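Numbering-wise, the sequence shown is residues 5 to 513 according to the numbering used here. Beta carbons are placed, not taken as given, at the ideal position from N, Cα and C, and that holds for glycine. Bear in mind that the values here come from a model prediction, so they are computed numbers and not experimental data.
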Amino acid sequence: MKMTFKYILLLTVIVGIWTGCKRENDYIKVSPSAFISNFDLKKLYKEADLTLNTELLSGASFIKGVVISDFRSGNSPAGLLILQNSRITGSGIDSLRGMAFNLGSDASKYIPGDSVHIKVDGAVLKRTNGILQITGITNAAVNKVASGRPVNTQLVTIGAFLASPQRYESTLITVGSAVVEPEPTVNEKFAGDKVIDDATGKAIVHTEAGAAFAGEQLLISGNFSGIPFLLPTGTNRMQIWMRSIDDFSFAILPKFSPAIITGYLVDPNGTDGNNEYIQFLATADIDFTKTPYSVFATNNAGATTFPLQGWVTGGVRTYKFNLTTGKVLKGEYFYVGGALKRINGSSSTSIASAKWIASLDYTTLNGADGVGAPTGNLLANSGNIAGIAIFEGTAVTLNSVPLDVIFFGGSGGNFYSAGPPAVGYRITNTDFYNTIDPASNGKIKQEFMGAGKNTTRLGFPSAATSFAQLGGVYNMKGRWLTKRALVTIPLTNTSQLSLIEGGTTLSDN
(Lines of atoms letter the chains of each structure in order from A; the text may use other names.)
(Lines give C-alpha, C1' and ligand atoms only; values in the text may rest on other atoms or scores of the structure.)
Protein backbone atom coordinates (compact mmCIF):
# COMPACT_ATOMS: atom_id res chain seq x y z
CA MET A 5 0.00 0.00 0.00
CA LYS A 6 2.84 2.40 0.88
CA MET A 7 4.61 1.71 -2.46
CA THR A 8 1.36 2.29 -4.37
CA PHE A 9 0.86 5.59 -2.59
CA LYS A 10 4.42 6.70 -3.53
CA TYR A 11 3.81 5.92 -7.21
CA ILE A 12 0.53 7.85 -7.18
CA LEU A 13 2.20 10.82 -5.52
CA LEU A 14 5.05 10.81 -8.05
CA LEU A 15 2.64 10.61 -10.95
CA THR A 16 0.61 13.55 -9.58
CA VAL A 17 3.73 15.72 -9.35
CA ILE A 18 4.80 14.87 -12.94
CA VAL A 19 1.32 15.61 -14.34
CA GLY A 20 1.21 18.88 -12.40
CA ILE A 21 4.59 20.00 -13.80
CA TRP A 22 3.57 19.04 -17.35
CA THR A 23 0.23 20.83 -17.03
CA GLY A 24 1.89 23.94 -15.62
CA CYS A 25 4.33 24.09 -18.51
CA LYS A 26 1.54 23.65 -21.02
CA ARG A 27 -0.45 26.52 -19.51
CA GLU A 28 2.58 28.82 -19.64
CA ASN A 29 3.16 28.21 -23.34
CA ASP A 30 -0.37 27.64 -24.66
CA TYR A 31 -1.95 31.00 -23.68
CA ILE A 32 -5.05 32.41 -25.39
CA LYS A 33 -4.23 35.32 -27.64
CA VAL A 34 -6.64 38.26 -27.31
CA SER A 35 -6.78 41.05 -29.89
CA PRO A 36 -8.27 44.48 -29.11
CA SER A 37 -11.49 45.34 -30.92
CA ALA A 38 -11.21 47.59 -33.94
CA PHE A 39 -14.40 49.37 -32.78
CA ILE A 40 -15.14 51.59 -29.81
CA SER A 41 -18.68 52.31 -28.65
CA ASN A 42 -20.07 55.79 -28.14
CA PHE A 43 -20.58 54.79 -24.50
CA ASP A 44 -16.86 54.22 -23.97
CA LEU A 45 -15.76 57.11 -26.16
CA LYS A 46 -17.80 59.63 -24.18
CA LYS A 47 -16.04 58.57 -20.99
CA LEU A 48 -12.81 59.92 -22.49
CA TYR A 49 -14.19 63.36 -23.26
CA LYS A 50 -13.56 65.99 -20.55
CA GLU A 51 -15.19 69.02 -22.22
CA ALA A 52 -11.97 69.85 -24.08
CA ASP A 53 -11.01 69.10 -27.69
CA LEU A 54 -9.69 65.53 -27.91
CA THR A 55 -7.64 64.14 -30.80
CA LEU A 56 -8.47 60.46 -31.31
CA ASN A 57 -5.88 57.77 -31.96
CA THR A 58 -5.59 54.01 -31.53
CA GLU A 59 -3.55 54.31 -28.35
CA LEU A 60 -6.15 56.52 -26.71
CA LEU A 61 -8.95 54.22 -27.95
CA SER A 62 -7.29 51.02 -26.62
CA GLY A 63 -6.45 49.78 -30.10
CA ALA A 64 -9.73 50.81 -31.76
CA SER A 65 -9.87 53.08 -34.78
CA PHE A 66 -13.52 52.76 -35.87
CA ILE A 67 -17.04 53.45 -34.61
CA LYS A 68 -19.99 51.48 -35.94
CA GLY A 69 -23.66 52.14 -35.45
CA VAL A 70 -27.07 52.81 -36.96
CA VAL A 71 -27.86 56.16 -38.56
CA ILE A 72 -30.74 58.14 -36.99
CA SER A 73 -30.35 61.52 -38.73
CA ASP A 74 -32.63 62.23 -41.70
CA PHE A 75 -32.20 65.15 -44.12
CA ARG A 76 -35.12 64.25 -46.41
CA SER A 77 -37.57 66.64 -44.70
CA GLY A 78 -34.99 69.40 -44.33
CA ASN A 79 -34.83 69.41 -40.53
CA SER A 80 -31.48 68.11 -39.39
CA PRO A 81 -28.44 70.04 -38.10
CA ALA A 82 -26.39 71.01 -41.15
CA GLY A 83 -23.55 68.66 -42.02
CA LEU A 84 -24.06 66.26 -39.13
CA LEU A 85 -24.42 62.51 -39.61
CA ILE A 86 -25.79 61.13 -36.34
CA LEU A 87 -25.68 57.52 -35.31
CA GLN A 88 -26.29 55.57 -32.14
CA ASN A 89 -24.90 52.31 -30.81
CA SER A 90 -24.57 50.19 -27.69
CA ARG A 91 -21.48 48.62 -26.20
CA ILE A 92 -20.46 45.56 -28.21
CA THR A 93 -20.42 43.39 -25.10
CA GLY A 94 -22.60 45.72 -23.10
CA SER A 95 -26.09 46.05 -21.78
CA GLY A 96 -28.17 46.98 -24.81
CA ILE A 97 -30.47 49.94 -24.30
CA ASP A 98 -28.75 50.86 -21.02
CA SER A 99 -25.55 51.64 -22.90
CA LEU A 100 -27.21 53.19 -25.95
CA ARG A 101 -25.43 56.43 -26.81
CA GLY A 102 -25.39 58.76 -29.81
CA MET A 103 -22.68 60.67 -31.64
CA ALA A 104 -22.62 63.33 -34.35
CA PHE A 105 -20.05 63.23 -37.17
CA ASN A 106 -19.35 66.41 -39.10
CA LEU A 107 -19.28 65.29 -42.76
CA GLY A 108 -20.51 68.45 -44.40
CA SER A 109 -22.92 68.00 -47.30
CA ASP A 110 -22.14 64.26 -47.50
CA ALA A 111 -24.10 63.68 -44.28
CA SER A 112 -27.34 63.88 -46.28
CA LYS A 113 -26.40 60.73 -48.25
CA TYR A 114 -27.43 58.51 -45.34
CA ILE A 115 -30.89 57.74 -43.95
CA PRO A 116 -32.19 56.15 -40.73
CA GLY A 117 -31.46 52.43 -40.57
CA ASP A 118 -28.19 52.59 -42.49
CA SER A 119 -25.47 50.64 -40.69
CA VAL A 120 -22.09 52.31 -41.06
CA HIS A 121 -18.48 51.93 -39.96
CA ILE A 122 -16.58 55.19 -39.54
CA LYS A 123 -12.81 55.49 -39.18
CA VAL A 124 -12.02 58.05 -36.46
CA ASP A 125 -8.25 57.63 -36.07
CA GLY A 126 -6.83 61.15 -36.28
CA ALA A 127 -10.24 62.88 -35.94
CA VAL A 128 -11.08 65.40 -33.20
CA LEU A 129 -13.87 65.05 -30.65
CA LYS A 130 -15.17 68.48 -29.67
CA ARG A 131 -18.31 70.35 -28.67
CA THR A 132 -19.54 73.00 -31.10
CA ASN A 133 -22.62 75.11 -30.32
CA GLY A 134 -23.51 72.62 -27.63
CA ILE A 135 -23.34 69.55 -29.91
CA LEU A 136 -20.67 66.96 -29.12
CA GLN A 137 -19.29 65.85 -32.49
CA ILE A 138 -16.39 64.24 -34.27
CA THR A 139 -14.70 66.55 -36.75
CA GLY A 140 -11.85 66.28 -39.23
CA ILE A 141 -13.23 63.38 -41.26
CA THR A 142 -14.61 63.09 -44.79
CA ASN A 143 -17.06 60.75 -46.46
CA ALA A 144 -14.10 58.53 -47.40
CA ALA A 145 -13.96 57.47 -43.74
CA VAL A 146 -17.53 56.13 -43.87
CA ASN A 147 -18.34 52.61 -45.00
CA LYS A 148 -22.01 51.74 -45.34
CA VAL A 149 -22.36 48.01 -44.68
CA ALA A 150 -26.16 47.56 -44.57
CA SER A 151 -29.49 49.37 -44.69
CA GLY A 152 -32.90 48.92 -43.13
CA ARG A 153 -31.58 48.11 -39.68
CA PRO A 154 -33.99 48.66 -36.74
CA VAL A 155 -33.69 51.99 -34.95
CA ASN A 156 -34.24 52.05 -31.19
CA THR A 157 -36.28 54.92 -29.75
CA GLN A 158 -36.22 55.72 -26.04
CA LEU A 159 -39.13 57.24 -24.12
CA VAL A 160 -37.39 59.98 -22.11
CA THR A 161 -38.71 62.76 -19.90
CA ILE A 162 -37.31 66.25 -20.23
CA GLY A 163 -36.25 66.07 -16.59
CA ALA A 164 -34.27 62.89 -17.22
CA PHE A 165 -32.47 64.47 -20.17
CA LEU A 166 -31.56 67.61 -18.21
CA ALA A 167 -30.28 65.46 -15.35
CA SER A 168 -28.08 63.39 -17.68
CA PRO A 169 -27.68 65.07 -21.08
CA GLN A 170 -24.52 63.08 -21.91
CA ARG A 171 -26.60 59.92 -21.86
CA TYR A 172 -29.37 61.03 -24.21
CA GLU A 173 -27.85 63.69 -26.52
CA SER A 174 -27.70 62.63 -30.18
CA THR A 175 -29.94 59.58 -29.63
CA LEU A 176 -33.47 59.08 -30.91
CA ILE A 177 -35.99 59.81 -28.16
CA THR A 178 -39.68 60.48 -27.59
CA VAL A 179 -41.00 63.00 -25.07
CA GLY A 180 -44.52 61.84 -24.29
CA SER A 181 -47.68 63.78 -23.47
CA ALA A 182 -46.09 67.22 -23.63
CA VAL A 183 -48.01 70.50 -23.78
CA VAL A 184 -47.02 73.43 -25.99
CA GLU A 185 -46.53 76.67 -24.04
CA PRO A 186 -48.03 79.11 -24.49
CA GLU A 187 -51.11 77.48 -26.00
CA PRO A 188 -50.80 77.71 -29.79
CA THR A 189 -52.85 80.35 -31.54
CA VAL A 190 -55.31 79.43 -34.26
CA ASN A 191 -53.39 78.07 -37.27
CA GLU A 192 -50.00 78.39 -35.56
CA LYS A 193 -47.32 76.39 -37.40
CA PHE A 194 -44.35 74.23 -36.37
CA ALA A 195 -41.76 76.62 -37.85
CA GLY A 196 -39.36 78.11 -35.33
CA ASP A 197 -38.71 77.30 -31.69
CA LYS A 198 -41.68 76.02 -29.65
CA VAL A 199 -41.54 75.40 -25.91
CA ILE A 200 -43.00 72.12 -24.66
CA ASP A 201 -43.58 70.99 -21.07
CA ASP A 202 -44.00 67.35 -20.00
CA ALA A 203 -44.41 68.12 -16.27
CA THR A 204 -40.77 67.22 -15.57
CA GLY A 205 -39.22 70.18 -17.36
CA LYS A 206 -39.33 72.36 -20.46
CA ALA A 207 -37.62 71.94 -23.82
CA ILE A 208 -37.50 73.59 -27.23
CA VAL A 209 -38.75 71.85 -30.37
CA HIS A 210 -36.82 73.39 -33.27
CA THR A 211 -38.13 73.42 -36.85
CA GLU A 212 -36.20 75.06 -39.69
CA ALA A 213 -38.19 77.54 -41.76
CA GLY A 214 -37.52 75.48 -44.88
CA ALA A 215 -38.49 72.11 -43.38
CA ALA A 216 -41.15 70.17 -45.27
CA PHE A 217 -43.44 70.23 -42.22
CA ALA A 218 -42.74 73.79 -41.08
CA GLY A 219 -46.19 74.84 -42.29
CA GLU A 220 -48.07 72.03 -40.51
CA GLN A 221 -50.52 73.11 -37.82
CA LEU A 222 -49.13 72.97 -34.29
CA LEU A 223 -51.47 71.26 -31.83
CA ILE A 224 -51.71 71.96 -28.12
CA SER A 225 -50.26 68.64 -26.99
CA GLY A 226 -48.48 65.63 -28.35
CA ASN A 227 -45.70 63.09 -28.33
CA PHE A 228 -42.55 64.61 -29.82
CA SER A 229 -39.85 62.32 -31.23
CA GLY A 230 -36.50 63.47 -32.53
CA ILE A 231 -32.84 63.99 -31.76
CA PRO A 232 -32.05 66.06 -28.65
CA PHE A 233 -29.10 68.36 -28.03
CA LEU A 234 -27.97 70.44 -25.06
CA LEU A 235 -27.90 74.15 -25.81
CA PRO A 236 -24.84 75.96 -24.37
CA THR A 237 -26.94 78.72 -22.77
CA GLY A 238 -30.52 79.74 -22.12
CA THR A 239 -33.42 78.88 -19.84
CA ASN A 240 -34.68 75.88 -21.80
CA ARG A 241 -31.47 74.10 -22.71
CA MET A 242 -32.90 70.92 -24.21
CA GLN A 243 -33.49 71.27 -27.94
CA ILE A 244 -35.27 68.58 -29.99
CA TRP A 245 -35.07 68.30 -33.78
CA MET A 246 -37.98 66.35 -35.24
CA ARG A 247 -36.91 64.64 -38.45
CA SER A 248 -40.32 64.69 -40.17
CA ILE A 249 -43.98 65.25 -39.33
CA ASP A 250 -44.15 61.52 -38.54
CA ASP A 251 -42.13 62.29 -35.41
CA PHE A 252 -45.23 63.98 -33.94
CA SER A 253 -48.46 62.40 -32.78
CA PHE A 254 -51.32 64.03 -30.94
CA ALA A 255 -51.52 63.00 -27.27
CA ILE A 256 -54.77 62.78 -25.37
CA LEU A 257 -54.15 64.64 -22.15
CA PRO A 258 -55.41 63.37 -18.80
CA LYS A 259 -59.07 64.00 -18.03
CA PHE A 260 -59.61 66.44 -15.20
CA SER A 261 -60.39 64.56 -11.98
CA PRO A 262 -62.36 66.37 -9.25
CA ALA A 263 -60.55 64.17 -6.71
CA ILE A 264 -56.96 62.92 -6.81
CA ILE A 265 -55.14 60.28 -4.76
CA THR A 266 -52.65 61.94 -2.40
CA GLY A 267 -51.71 59.29 0.17
CA TYR A 268 -52.41 56.06 2.02
CA LEU A 269 -51.73 54.26 5.30
CA VAL A 270 -50.87 50.61 4.70
CA ASP A 271 -49.23 49.58 7.98
CA PRO A 272 -50.81 51.23 11.04
CA ASN A 273 -49.52 50.57 14.54
CA GLY A 274 -51.00 47.32 15.81
CA THR A 275 -53.72 45.59 13.80
CA ASP A 276 -54.16 46.56 10.15
CA GLY A 277 -57.83 45.56 10.04
CA ASN A 278 -60.24 48.51 10.11
CA ASN A 279 -57.34 50.99 10.52
CA GLU A 280 -56.10 51.51 6.95
CA TYR A 281 -57.24 54.47 4.88
CA ILE A 282 -56.74 56.42 1.65
CA GLN A 283 -56.36 60.19 1.38
CA PHE A 284 -57.77 62.27 -1.49
CA LEU A 285 -57.63 65.95 -2.37
CA ALA A 286 -60.66 67.65 -3.90
CA THR A 287 -59.74 69.71 -6.96
CA ALA A 288 -63.29 71.03 -7.28
CA ASP A 289 -66.34 71.44 -5.04
CA ILE A 290 -68.12 68.09 -4.80
CA ASP A 291 -71.58 67.22 -3.48
CA PHE A 292 -71.46 63.43 -3.40
CA THR A 293 -75.25 63.16 -3.11
CA LYS A 294 -75.52 64.70 -6.58
CA THR A 295 -72.33 63.42 -8.22
CA PRO A 296 -71.34 60.11 -6.59
CA TYR A 297 -67.98 58.42 -7.02
CA SER A 298 -66.52 55.04 -6.13
CA VAL A 299 -63.12 53.99 -4.82
CA PHE A 300 -61.47 50.59 -5.27
CA ALA A 301 -58.46 49.03 -3.60
CA THR A 302 -56.76 45.96 -4.98
CA ASN A 303 -54.55 43.64 -2.95
CA ASN A 304 -53.05 40.79 -4.93
CA ALA A 305 -51.41 38.90 -2.07
CA GLY A 306 -51.12 35.23 -2.94
CA ALA A 307 -52.96 35.69 -6.25
CA THR A 308 -52.73 32.69 -8.58
CA THR A 309 -55.29 33.82 -11.20
CA PHE A 310 -55.84 36.93 -13.29
CA PRO A 311 -58.54 39.47 -12.29
CA LEU A 312 -60.92 38.63 -15.13
CA GLN A 313 -63.36 41.39 -14.15
CA GLY A 314 -60.70 44.00 -13.48
CA TRP A 315 -61.52 46.42 -10.69
CA VAL A 316 -64.90 44.76 -10.06
CA THR A 317 -63.42 41.27 -9.61
CA GLY A 318 -64.23 41.38 -5.88
CA GLY A 319 -63.51 38.51 -3.51
CA VAL A 320 -60.06 38.86 -1.99
CA ARG A 321 -58.74 40.83 -5.01
CA THR A 322 -60.66 44.14 -4.99
CA TYR A 323 -62.74 46.02 -2.44
CA LYS A 324 -65.20 48.82 -3.27
CA PHE A 325 -66.40 51.94 -1.44
CA ASN A 326 -69.29 54.06 -2.74
CA LEU A 327 -69.02 57.82 -2.15
CA THR A 328 -72.64 58.96 -2.09
CA THR A 329 -72.98 61.31 0.89
CA GLY A 330 -71.23 64.45 2.14
CA LYS A 331 -69.59 67.46 0.56
CA VAL A 332 -66.05 68.73 0.08
CA LEU A 333 -64.71 72.01 -1.20
CA LYS A 334 -61.89 72.55 -3.66
CA GLY A 335 -58.59 72.22 -1.79
CA GLU A 336 -59.96 70.05 1.03
CA TYR A 337 -58.58 66.61 1.86
CA PHE A 338 -60.99 63.75 2.45
CA TYR A 339 -60.68 60.11 3.47
CA VAL A 340 -61.94 56.65 2.58
CA GLY A 341 -61.19 53.52 4.60
CA GLY A 342 -61.74 51.71 7.88
CA ALA A 343 -64.41 52.63 10.39
CA LEU A 344 -62.11 53.40 13.34
CA LYS A 345 -60.91 56.70 11.83
CA ARG A 346 -57.62 56.96 13.72
CA ILE A 347 -54.37 58.32 12.34
CA ASN A 348 -52.14 55.35 13.21
CA GLY A 349 -54.06 52.40 14.60
CA SER A 350 -56.63 51.80 17.31
CA SER A 351 -54.61 53.46 20.12
CA SER A 352 -53.73 56.65 18.23
CA THR A 353 -55.22 60.10 17.71
CA SER A 354 -58.79 60.18 16.43
CA ILE A 355 -59.18 61.87 13.05
CA ALA A 356 -62.96 61.40 12.94
CA SER A 357 -63.27 65.18 12.56
CA ALA A 358 -61.64 64.97 9.12
CA LYS A 359 -63.76 64.69 5.99
CA TRP A 360 -64.63 60.98 5.94
CA ILE A 361 -66.76 60.38 2.86
CA ALA A 362 -66.85 56.58 3.08
CA SER A 363 -65.80 54.27 5.92
CA LEU A 364 -66.55 50.60 6.45
CA ASP A 365 -65.49 47.90 8.86
CA TYR A 366 -63.90 45.99 6.04
CA THR A 367 -62.93 43.16 8.40
CA THR A 368 -66.59 42.11 8.78
CA LEU A 369 -68.46 43.68 5.85
CA ASN A 370 -68.47 43.07 2.13
CA GLY A 371 -67.49 45.95 -0.11
CA ALA A 372 -70.12 48.23 -1.64
CA ASP A 373 -72.47 46.46 -4.07
CA GLY A 374 -70.94 43.16 -2.94
CA VAL A 375 -67.56 43.89 -4.56
CA GLY A 376 -65.01 42.60 -2.09
CA ALA A 377 -65.04 40.07 0.74
CA PRO A 378 -64.21 40.94 4.36
CA THR A 379 -60.47 41.32 4.77
CA GLY A 380 -57.95 42.14 7.46
CA ASN A 381 -55.61 43.76 4.94
CA LEU A 382 -57.28 46.28 2.65
CA LEU A 383 -53.99 47.82 1.50
CA ALA A 384 -50.90 45.65 1.08
CA ASN A 385 -47.78 46.56 3.07
CA SER A 386 -45.48 44.00 1.43
CA GLY A 387 -45.32 41.56 -1.45
CA ASN A 388 -47.32 41.67 -4.69
CA ILE A 389 -48.58 44.74 -6.49
CA ALA A 390 -51.45 46.71 -4.96
CA GLY A 391 -53.43 49.68 -6.22
CA ILE A 392 -56.06 52.35 -5.69
CA ALA A 393 -58.49 53.86 -8.20
CA ILE A 394 -61.32 56.39 -8.11
CA PHE A 395 -64.17 56.29 -10.63
CA GLU A 396 -66.93 58.68 -11.59
CA GLY A 397 -70.25 57.17 -10.48
CA THR A 398 -70.93 53.87 -8.74
CA ALA A 399 -72.00 51.73 -11.71
CA VAL A 400 -68.46 50.58 -12.45
CA THR A 401 -68.00 47.72 -14.94
CA LEU A 402 -65.18 45.72 -16.46
CA ASN A 403 -64.71 48.42 -19.12
CA SER A 404 -64.95 51.51 -16.89
CA VAL A 405 -61.93 53.83 -16.95
CA PRO A 406 -60.84 55.44 -13.65
CA LEU A 407 -60.39 59.16 -13.12
CA ASP A 408 -57.18 58.62 -11.16
CA VAL A 409 -55.16 55.52 -10.33
CA ILE A 410 -51.89 54.57 -8.66
CA PHE A 411 -50.12 51.28 -7.98
CA PHE A 412 -47.55 50.41 -5.36
CA GLY A 413 -45.66 47.41 -4.00
CA GLY A 414 -44.05 44.48 -5.79
CA SER A 415 -44.32 43.25 -9.37
CA GLY A 416 -46.01 39.88 -8.83
CA GLY A 417 -49.60 38.87 -8.37
CA ASN A 418 -50.93 37.78 -11.79
CA PHE A 419 -52.42 41.23 -12.30
CA TYR A 420 -52.25 41.44 -16.12
CA SER A 421 -52.59 39.11 -19.09
CA ALA A 422 -52.17 40.32 -22.68
CA GLY A 423 -54.70 37.73 -23.81
CA PRO A 424 -56.48 38.00 -26.10
CA PRO A 425 -58.59 39.28 -24.61
CA ALA A 426 -56.42 41.42 -22.35
CA VAL A 427 -57.46 41.37 -18.69
CA GLY A 428 -56.32 43.35 -15.70
CA TYR A 429 -56.74 46.68 -13.96
CA ARG A 430 -57.59 49.52 -16.32
CA ILE A 431 -55.58 52.71 -16.06
CA THR A 432 -56.10 56.26 -17.32
CA ASN A 433 -53.75 58.98 -18.52
CA THR A 434 -52.02 60.30 -15.40
CA ASP A 435 -48.57 61.38 -14.28
CA PHE A 436 -47.52 57.70 -14.33
CA TYR A 437 -49.60 55.95 -17.00
CA ASN A 438 -50.64 56.34 -20.66
CA THR A 439 -53.40 54.45 -22.45
CA ILE A 440 -51.43 54.74 -25.71
CA ASP A 441 -47.69 54.17 -26.05
CA PRO A 442 -46.28 57.69 -26.63
CA ALA A 443 -43.51 56.33 -28.87
CA SER A 444 -45.93 54.53 -31.23
CA ASN A 445 -47.46 57.57 -32.97
CA GLY A 446 -50.83 56.62 -31.52
CA LYS A 447 -50.75 53.07 -32.87
CA ILE A 448 -50.23 50.91 -29.78
CA LYS A 449 -52.84 50.81 -27.04
CA GLN A 450 -51.81 49.96 -23.49
CA GLU A 451 -54.95 50.23 -21.40
CA PHE A 452 -54.00 48.19 -18.34
CA MET A 453 -51.42 48.30 -15.61
CA GLY A 454 -48.61 46.04 -16.84
CA ALA A 455 -49.39 46.60 -20.54
CA GLY A 456 -46.63 48.11 -22.65
CA LYS A 457 -44.81 50.85 -20.76
CA ASN A 458 -47.35 51.01 -17.91
CA THR A 459 -45.04 49.49 -15.32
CA THR A 460 -44.61 52.31 -12.79
CA ARG A 461 -45.40 51.38 -9.22
CA LEU A 462 -44.62 53.31 -6.09
CA GLY A 463 -42.94 51.74 -3.11
CA PHE A 464 -44.12 51.11 0.39
CA PRO A 465 -43.26 53.67 3.07
CA SER A 466 -39.65 53.21 4.13
CA ALA A 467 -40.63 52.64 7.76
CA ALA A 468 -43.48 50.86 9.52
CA THR A 469 -46.39 52.87 10.94
CA SER A 470 -45.77 55.61 8.41
CA PHE A 471 -48.08 57.49 6.05
CA ALA A 472 -47.28 57.34 2.33
CA GLN A 473 -47.72 60.93 1.18
CA LEU A 474 -47.88 61.53 -2.58
CA GLY A 475 -46.74 65.10 -3.09
CA GLY A 476 -46.98 66.87 -6.43
CA VAL A 477 -48.43 69.86 -8.27
CA TYR A 478 -51.77 69.42 -10.08
CA ASN A 479 -53.34 72.03 -12.34
CA MET A 480 -56.95 72.75 -13.12
CA LYS A 481 -56.64 71.34 -16.64
CA GLY A 482 -56.10 67.84 -15.27
CA ARG A 483 -52.32 67.73 -15.60
CA TRP A 484 -49.62 67.00 -13.07
CA LEU A 485 -47.15 69.85 -13.43
CA THR A 486 -44.91 68.00 -10.98
CA LYS A 487 -45.27 64.24 -10.76
CA ARG A 488 -46.33 62.70 -7.50
CA ALA A 489 -43.48 61.37 -5.40
CA LEU A 490 -43.77 59.18 -2.34
CA VAL A 491 -42.68 60.80 0.91
CA THR A 492 -42.61 58.68 4.07
CA ILE A 493 -44.25 60.46 7.03
CA PRO A 494 -43.46 58.56 10.27
CA LEU A 495 -46.45 58.42 12.63
CA THR A 496 -46.82 57.91 16.38
CA ASN A 497 -49.91 57.41 18.51
CA THR A 498 -50.06 61.15 19.18
CA SER A 499 -49.51 62.40 15.61
CA GLN A 500 -51.97 65.03 14.43
CA LEU A 501 -53.95 65.24 11.19
CA SER A 502 -51.99 68.30 10.01
CA LEU A 503 -48.88 66.14 9.73
CA ILE A 504 -50.25 64.17 6.76
CA GLU A 505 -52.06 66.97 4.91
CA GLY A 506 -50.63 69.66 2.64
CA GLY A 507 -48.29 67.57 0.51
CA THR A 508 -50.03 68.36 -2.80
CA THR A 509 -50.35 71.77 -4.44
CA LEU A 510 -53.15 72.88 -6.76
CA SER A 511 -52.19 75.27 -9.53
CA ASP A 512 -54.31 77.45 -11.80
CA ASN A 513 -51.49 77.70 -14.37
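- One Cα belongs to THR509, the other to SER109, and the distance between them is close to 51 angstroms.
- For PRO169, the uninterrupted alpha helix (DSSP H) run begins and ends at 169 to 172, by DSSP.
- Around the CB of ALA255, 16 or more other CB atoms lie within 10 Å, so the residue is classed as buried.
- Between THR211 and SER73, the alpha-carbon positions lie close to 14 angstroms from each other.
- The beta carbon of ALA195 is closer than 8 angstroms to those of THR211, GLU212, ALA213, ALA215, ALA218, GLY219 in its chain, skipping five residues each way along the sequence.
- Excluding five sequence positions before and after ASN279, the CB atoms of its chain that fall closer than 7 angstroms to its own CB belong to PRO272, GLY342, LEU344, ARG346, GLY349, SER350, given in chain order.
- Counting only residues of its own chain and dropping the five nearest sequence neighbours on each side, VAL183 has a CB closer than 8 angstroms to the CB of ILE200, ASP201, ASP202, ILE224, SER225, LEU257, ARG483.
- TYR268 is bridged by DSSP to ILE282, ALA472.
- Closest by C-alpha distance to GLY134, out of ASP53, ALA455, THR308, is ASP53.
- Looking from the CA of LYS130, the closest CA among GLY371, ALA144, ILE290, ASN106 belongs to ASN106.
- For LEU60, no beta strand (DSSP E) segment is defined, and its DSSP state is neither H nor E.
- Taking 8 angstroms as the cut-off, the beta carbon of SER499 is found closer than this to the beta carbon of SER352.
- In this structure, DSSP gives ASN42 a helical state, which the three-state scheme calls helix.
- In this structure, THR142 keeps its C-beta atom at 8 angstroms or more from the C-beta atom of ALA127.
- Sixteen is the threshold: since fewer than 16 other Cβ atoms of the shown chains lie within 10 Å of the Cβ of SER386, the residue is exposed.
- If you keep only unbroken beta strand (DSSP E) runs of at least 3 residues inside the segment 116 to 140, you get 119 to 123, 128 to 132, 135 to 139.
- Under DSSP, ARG101 forms a beta bridge with ASN89.
- By the criterion of a C-beta distance shorter than 7 angstroms, GLY274 is surrounded in its chain by GLY349, SER350, SER351, once the five residues flanking it on both sides are discounted.
- Residue pairing of SER421 in beta bridges, as defined by DSSP: VAL427.
- By the Cβ-count criterion, GLN221 is exposed, with fewer than 16 other Cβ atoms from all chains shown falling within 10 Å of its own Cβ.
- Annotation note: the segment 139 to 215 contains the following uninterrupted beta strand (DSSP E) runs of length 3 or greater, listed N- to C-terminal: 146 to 150, 177 to 185, 196 to 201, 206 to 211.
- Secondary-structure assignment with DSSP links TYR478 through a beta bridge to TRP484, LEU510.
- When secondary structure is reduced to three states using DSSP, ILE392 falls in the strand class.
- Residues of the same chain with a CB within less than 7 angstroms of the CB of GLN170, apart from the 5 flanking positions on each side, are LYS46 in chain order.
- Annotation: VAL375 is outside any beta strand (DSSP E) and is labelled neither H nor E by DSSP.
- Shown here for GLY117: same chain residues with a beta carbon closer than 8 angstroms to its own, the five before and five after excluded, namely VAL70, VAL71, SER151, GLY152, ARG153, PRO154, VAL155 in chain order.
- PRO378 places its beta carbon less than 8 angstroms from that of ASN370.
- Contact annotation: the segment 410 to 417 touches the segment 455 to 464, with at least three C-beta pairs closer than 8 angstroms.
- Contact check for VAL160 against TYR172 passes: the beta carbons are separated by less than 8 angstroms.
- Per DSSP, the beta bridge partners of THR302 are THR322, GLY391.
- The C-beta separation of ALA455 from ASN227 comes to about 17 angstroms, leaving the pair out of contact by the 8 angstroms criterion.
- With fewer than three CB-CB distances shorter than 8 angstroms, the segment 486 to 495 does not count as touching the segment 321 to 334.
- Per DSSP, reduced to three states, the secondary structure at ALA489 is strand.
- Among the bridge pairs identified by DSSP, SER354 is matched with ARG346.
- Less than 8 angstroms divides the Cβ of ASN147 from the Cβ of HIS121.
- Contact annotation, TYR339 with ILE282: C-beta distance approximately 7 angstroms; criterion of less than 8 angstroms satisfied.
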